[in-house]
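Novice: One structure is given below, represented as structure tokens, and several questions about it will come after.
Protein chains: 2
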Amino acid sequence: MTELSTGTSVVPVIGAHKGYLTGSRPDIRVPVRRVHLTDGGAVTLYDTSGPATDPGMTCDVREGLPPLRRRWIEERAGNGTGAVTQLAYARRGVVTPEMEFVALRENRSPEFVRDEIAAGRAVLPASVRHPETEPMIIGRNFLVKVNANIGNSAVTSSVDEEVEKMTWATRWGADTVMDLSTGREIHTTREWVLRNSPVPIGTVPLYQALEKVDGKAEELSWEVYRDTVVEQAEQGVDYMTVHAGVLLRHVPLAARRKTGIVSRGGSIMAAWCLAHHRESFLYTHFAELCEILAAYDITFSLGDGLRPGCVADANDAAQFAELRTLGELTRVAREHDVQTMVEGPGHVPMDLIKENVELQQELCDEAPFYTLGPLTTDIAPAYDHITSAIGAAMIAWWGTAMLCYVTPKEHLGLPDRDDVKAGVIAYKIAAHAADVAKGHPGARDWDDALSEARFEFRWEDQFNLSLDPETARAYHDETLPAEPAKTAQFCSMCGPKFCSMRISQTVMDKYGPGGEDELTEEEAQQAMLVKSREFAEAQGRGILPLTEGE
Amino acid sequence: MTELSTGTSVVPVIGAHKGYLTGSRPDIRVPVRRVHLTDGGAVTLYDTSGPATDPGMTCDVREGLPPLRRRWIEERAGNGTGAVTQLAYARRGVVTPEMEFVALRENRSPEFVRDEIAAGRAVLPASVRHPETEPMIIGRNFLVKVNANIGNSAVTSSVDEEVEKMTWATRWGADTVMDLSTGREIHTTREWVLRNSPVPIGTVPLYQALEKVDGKAEELSWEVYRDTVVEQAEQGVDYMTVHAGVLLRHVPLAARRKTGIVSRGGSIMAAWCLAHHRESFLYTHFAELCEILAAYDITFSLGDGLRPGCVADANDAAQFAELRTLGELTRVAREHDVQTMVEGPGHVPMDLIKENVELQQELCDEAPFYTLGPLTTDIAPAYDHITSAIGAAMIAWWGTAMLCYVTPKEHLGLPDRDDVKAGVIAYKIAAHAADVAKGHPGARDWDDALSEARFEFRWEDQFNLSLDPETARAYHDETLPAEPAKTAQFCSMCGPKFCSMRISQTVMDKYGPGGEDELTEEEAQQAMLVKSREFAEAQGRGILPLTEGE
Chain A
1 MTELSTGTSV VPVIGAHKGY LTGSRPDIRV PVRRVHLTDG GAVTLYDTSG
51 PATDPGMTCD VREGLPPLRR RWIEERAGNG TGAVTQLAYA RRGVVTPEME
101 FVALRENRSP EFVRDEIAAG RAVLPASVRH PETEPMIIGR NFLVKVNANI
151 GNSAVTSSVD EEVEKMTWAT RWGADTVMDL STGREIHTTR EWVLRNSPVP
201 IGTVPLYQAL EKVDGKAEEL SWEVYRDTVV EQAEQGVDYM TVHAGVLLRH
251 VPLAARRKTG IVSRGGSIMA AWCLAHHRES FLYTHFAELC EILAAYDITF
301 SLGDGLRPGC VADANDAAQF AELRTLGELT RVAREHDVQT MVEGPGHVPM
351 DLIKENVELQ QELCDEAPFY TLGPLTTDIA PAYDHITSAI GAAMIAWWGT
401 AMLCYVTPKE HLGLPDRDDV KAGVIAYKIA AHAADVAKGH PGARDWDDAL
451 SEARFEFRWE DQFNLSLDPE TARAYHDETL PAEPAKTAQF CSMCGPKFCS
501 MRISQTVMDK YGPGGEDELT EEEAQQAMLV KSREFAEAQG RGILPLTEGE
Chain B
1 MTELSTGTSV VPVIGAHKGY LTGSRPDIRV PVRRVHLTDG GAVTLYDTSG
51 PATDPGMTCD VREGLPPLRR RWIEERAGNG TGAVTQLAYA RRGVVTPEME
101 FVALRENRSP EFVRDEIAAG RAVLPASVRH PETEPMIIGR NFLVKVNANI
151 GNSAVTSSVD EEVEKMTWAT RWGADTVMDL STGREIHTTR EWVLRNSPVP
201 IGTVPLYQAL EKVDGKAEEL SWEVYRDTVV EQAEQGVDYM TVHAGVLLRH
251 VPLAARRKTG IVSRGGSIMA AWCLAHHRES FLYTHFAELC EILAAYDITF
301 SLGDGLRPGC VADANDAAQF AELRTLGELT RVAREHDVQT MVEGPGHVPM
351 DLIKENVELQ QELCDEAPFY TLGPLTTDIA PAYDHITSAI GAAMIAWWGT
401 AMLCYVTPKE HLGLPDRDDV KAGVIAYKIA AHAADVAKGH PGARDWDDAL
451 SEARFEFRWE DQFNLSLDPE TARAYHDETL PAEPAKTAQF CSMCGPKFCS
501 MRISQTVMDK YGPGGEDELT EEEAQQAMLV KSREFAEAQG RGILPLTEGE
């Protein structure tokens, strides 16, 4: 067993205080990040960092996290008939403690949560063997979620580095973590990650199965794969990527591509299908797989083995043929009461993004879409967290429920700690921008609180409300390091002599509510006219007529 | 005079070779960045870096760049009647050497360039006093451009730092640079920046005018402003931001905002209007201003003094009332043969972005739109190059011609050299993603070349084709430092034992053109059916019928 360091990522984010919302029973305690403002107010933010950032908890990585959900799971096992999945309970009309937990977390009613899960529009990935998870929900009518990938490879990395990366990722806001390890100590790494993870853990069992046959894809079999799934299920994996949509007849479609099959899982299955000239064992044994996943309440993440690896290959026959099969498999999974989400994108230019969500929602009966990026151009290796944050924000706005992050190391190497942070931050931005654009209830409150702090020169509040308070403060201090500058009524852009914010204050004092020349409602309405698209349209979409003096 | 260092930014980008395309006369030499590939091919990329990256040139910052356009300007002065602007020539049917230069640069015909300029849909900012510029064009039917802001403030920075930042910005792809200096040595800084800049330089003359009245906005006058414009015009500024759309009656509209007026120019003019309770001198003297700009062929950048400073204020009455005035001023400027673009956005959530472009194009008779970002959320100070690259990519896709970059230091401090690079790179990504999404002719060739290199494990080509070859190479070397790894048929993600790219090669060998089981056209068509939106629509937009065996 590798000796594990406790790591440094358990230090709480500056300016934040851990708080809890309590539900109908005392053991439903939903963590929040509370930012107390200097004007006496407070802003409550969603918190994914788990007990590690609670100063009242002593977290020992060798002990693992407290098993928050154990009693809920045991209670249900005691009086259970039928499938134990959240989908099964939702369909039976039961609001589980997990559902109530996410309802509090998302500021929705428990019934709404239950309805969305029952309809298959949302999933609550929470294995009965992973009681450490703080329940969370993935669906287009909830906050957009972000997944961070970690995992070593044959070439690099170690167990404690991966546990550290997982904790680090959740500290910055990762909602789930996928352990994609392929190298040594794959079982041990996963065990430590699971026992210390406050967020659902996803895996791709095919990777470990391939290790078991010494990397020879053609030697894979249903039996080796099934045993691997059971091994991982016993450990507590919450969701599993299964590339069951790569069918024998889809493989030739990839031959017309510029970059072929770039998904690891997809290419493993393509290699197997080609070697045996038989249909994928994941597809032919899919019902058996459903039975295993149902027993543990493991959520399917139906993998997109044929996702495009360059913008030239986007939205092609291979990709959409597989998507159609994923729709079929979604229906099979639901018949077995297994929660299901569907994976998508890769490299997709902006003009082809919307079609991806629309088609997925249609073909997969509104199952949550879980997309990698998409990267909107291929020209920027080392900056693909940015090329893909652009596509991720757009696809989330249009209905994707969870975004799989991309780090600056994509295509070049494995992410280290800094890359994990860069990827998570870029994707939290994309997810939140989508929440705001969707008009998600309350989403803009965070923006408004920060902007008000900015306008009122409450520098400390501005830092503390930032997605990354430490870096915001450090950047400010580089230009104006003196402590008094943080309360100054100016900033480094204009300097003390002239300040646009100060002039705006004058304008508000004069024309704002209660000001000497307060703007009347009629004056405001009049000015708004030009804004109205309807008005423009009424004019036949020509140039708006300019009145005298305009 | 400050002693200027020659700086380190003149080192050419690795893997690139400076080349030139020659026009109809030998002094029309258009620079390009040529990347020679290991497979014998070459990719030609747009190059903004000027003579500094030409190993055949000796650039001495104290001498300035060679005056590329001097002869063209003098020739025209010799036989000139009428206005000397590119717009005037275009309207008279003349294709100037500058137009031919940009036609070669953009792979368009000279007539197309002339037509776009004559229609006002594009501008070619090139002052007759700035012969050092390599002509470039800004318009929605050309490549999307990126502007980088530099400039010191009362608080920080020096002359040679600013010249260095300008050179550094153009090395990474900035198409224009705005010198927004407000502090000491404002005239000297601008002089050195201009004499060493291969790209058009923009300014906001109001900033220097304010310095002249010791920072007291109410003491500004048309006379002080006019003299400042002439001073800067004589130096060779190519385009000027003029906040003439901030009218007295617009100011009260800002009182309803969360963050009031955040534009420096906007707030200066608002302060002046309020102090005098008179209409803005920029608006009342606009025709005189046009005459000055026409004489030097300086392009208007009509400033958006009322742009929203937070997402809550986006697309409001103040913003769109000003936009309407900018449309009116665009028509006045064009009557004077002055080239004109219009500034826009700021903070705008994704769902409100498209309306900005559509309304600007309609109200301003298709004048090129030049937007800051927009930032799609307010919550990420220190990462606003990313929050805004998302909005910038989208607004450019929908028709914005030039993007003003945002650096990680936005809202926090002034950008240093690293921030300038981070901002330019993020915006080159946004601009190129838009070019690809717009289907701009040839834009995707760059992506395709890089993806083909990736697929074929041509690591050196992949690095050299990257937007930032140095960082791409460095990231790769962190994981796999050995030299042989750069020619290896695997990468650090999967390791040597299993590789998805290799499997794809097998698929292509079997089913690709000339393969033993080459896919027929009919088979490919059949598979494409599912892709067709029309097909889905023909089914009443229900679930596509699944045939037997699907």
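First to last, the protein sequences are chains A and B. In this text, residue positions in the first sequence follow full-length UniProt numbering: the first is 1, and each later residue adds one. In this text, residue positions in the second sequence follow full-length UniProt numbering: the first is 1, and each later residue adds one. C-beta: ideal position from N, C-alpha, C; glycine also.
Could you name the residues that DSSP lists as bridge partners for residue 369/B?
Specialist: DSSP, once it has assigned bridges, lists 342/B as partnering residue 369/B.
Novice: Could you give the residue range of the alpha helix (DSSP H) that holds residue 266/B?
Specialist: 264-276
Novice: Could you check whether the Cβ of residue 20/A sits closer than 7 Å to any heavy atom belonging to the ligand FAD?
Specialist: This structure does not include the ligand FAD; it has no bound ligands of any sort.
Novice: Can you list the beta strand (DSSP E) stretches of 3 or more residues lying completely in the segment 394-472 of chain A, in chain order?
Specialist: Complete beta strand (DSSP E) runs here, min 3: 402-404.
Novice: Taking contact to mean 3 or more Cβ pairs, one atom from each stretch, closer than 8 Å, check whether the segment 324-338 of chain A and the segment 220-229 of chain A are in contact.
Specialist: no
Novice: Helix or strand or just coil, what does DSSP make of residue 13/B?
Specialist: coil
Novice: Taking all protein chains shown into account, do 16 or more other C-beta atoms lie within 10 angstroms of the C-beta of residue 428/B, making it buried, or fewer, making it exposed?
Specialist: buried
Novice: Enumerate in chain order the residues of its own chain whose CB-to-CB distance from residue 42/A is below 8 Å, with the five nearest sequence positions on each side excluded.
Specialist: 34, 35 and 36
Novice: Less than 6 Å between C-beta atoms, sequence neighbours within five positions excluded: which residues of the same chain meet that for residue 49/A?
Specialist: 170 and 171
Novice: Residue 216/A: buried (16+ other C-beta within 10 angstroms of its C-beta) or exposed?
Specialist: exposed
Novice: Got a sec: is the Cβ-Cβ distance from residue 461/A to anything in chain B below 8 Å?
Specialist: Closer than 8 Å: no.
Novice: Buried or exposed: where does residue 94/B fall if 16 or more other Cβ atoms within 10 Å of its Cβ makes it buried?
Specialist: exposed
Novice: For a contact defined as C-beta to C-beta under 7 Å, what are the partners of residue 508/A on chain B?
Specialist: 255 and 260
Novice: Compare the C-beta of residue 411/B with all C-beta atoms of chain A and state if any pair is closer than 8 Å.
Specialist: yes
Novice: Which residues in the same chain as residue 424/A place their Cβ atom closer than 7 Å to its Cβ, once the five residues preceding and following it in sequence are excluded?
Specialist: 146, 148, 169, 172, 173, 174 and 405
Novice: Does residue 277/B come within less than 8 Å of chain A when only Cβ atoms are used?
Specialist: no
Novice: Let me check understanding here. Comparing Cα to Cα, which of 293/A, 124/A and 63/A lies closest to residue 192/A?
Specialist: 63/A
Novice: With a Cβ-Cβ cutoff of 8 Å, do residue 386/A and residue 392/B count as a contact?
Specialist: no
Novice: What's the call for residue 513/B, buried or exposed, on a 16-neighbour Cβ count within 10 Å?
Specialist: exposed
Novice: Name the residues in the segment 56-68 of chain A whose C-beta lies less than 7 Å from a C-beta of chain B; which are they?
Specialist: none
Novice: Quick one: does residue 344/A have its CB under 8 Å from some CB of chain B?
Specialist: no
Novice: Between residue 384/A and residue 178/B, what straight-line distance do the alpha-carbon atoms span, to the nearest angstrom?
Specialist: 27 Å
Novice: Please state whether DSSP places residue 25/B in a helix, a strand or coil.
Specialist: coil
Novice: Nearest by alpha-carbon distance to residue 452/A: which of 441/A, 466/A, 439/A and 440/A is it?
Specialist: With distances taken between Cα atoms, residue 452/A lies closest to 466/A.
Novice: Closer than 8 Å, CB to CB, is residue 378/B near chain A or not?
Specialist: yes
Novice: Below 9 Å on C-beta distance, what does residue 404/A contact in chain B?
Specialist: Correct list: empty, because the minimum Cβ distance to chain B is about 14 Å.
Novice: Scan the segment 430-451 of chain A for residues whose Cβ lies nearer than 8 Å to a Cβ of chain B and list them as they occur along the chain.
Specialist: 430, 432, 433, 434, 436, 437, 438, 439, 444, 446, 447, 448, 450 and 451
Novice: Is it a yes or a no for the segment 252-270 of chain A touching the segment 289-298 of chain A, going by three-plus beta-carbon pairs under 8 Å?
Specialist: no
Novice: Below 8 Å on the Cβ atoms is my contact criterion, and I expect residue 442/B with residue 107/B to pass it. Report the Cβ-Cβ distance as a whole number of Å.
Specialist: 6 Å
Novice: Pull up the CB-CB distance for residue 263/A and residue 304/A, whole angstroms please, since I reckon it's below 8 Å.
Specialist: 7 Å
Novice: Would you list, in chain order, the members of the segment 309-323 of chain B that have their beta-carbon closer than 9 Å to a beta-carbon of chain A?
Specialist: Residues of the segment 309-323 of chain B with a C-beta less than 9 Å from any C-beta of chain A: 309, 310, 311, 312, 313, 315, 316, 317, 318, 319, 320, 321 and 323, listed in chain order.
Novice: Determine, using beta carbons only, whether residue 339/B and residue 125/B come nearer to each other than 8 Å.
Specialist: yes
Novice: Excluding the 5 residues preceding and the 5 following residue 128/B in the sequence, name in chain order all residues of the same chain whose CB lies nearer than 7 Å to its CB.
Specialist: So the qualifying residues of the chain are 73, 84, 296 and 297.
Novice: Which residues of the segment 284-296 of chain B have a Cβ closer than 8 Å to any Cβ of chain A? Give them in chain order.
Specialist: none
Novice: Less than 8 Å between CB atoms is the rule here; does residue 18/A satisfy it with respect to chain B?
Specialist: Not one chain B Cβ lies under 8 Å of residue 18/A.
Novice: Among 14/B, 26/B, 44/B and 29/B, whose alpha-carbon lies nearest the alpha-carbon of residue 444/B?
Specialist: 44/B
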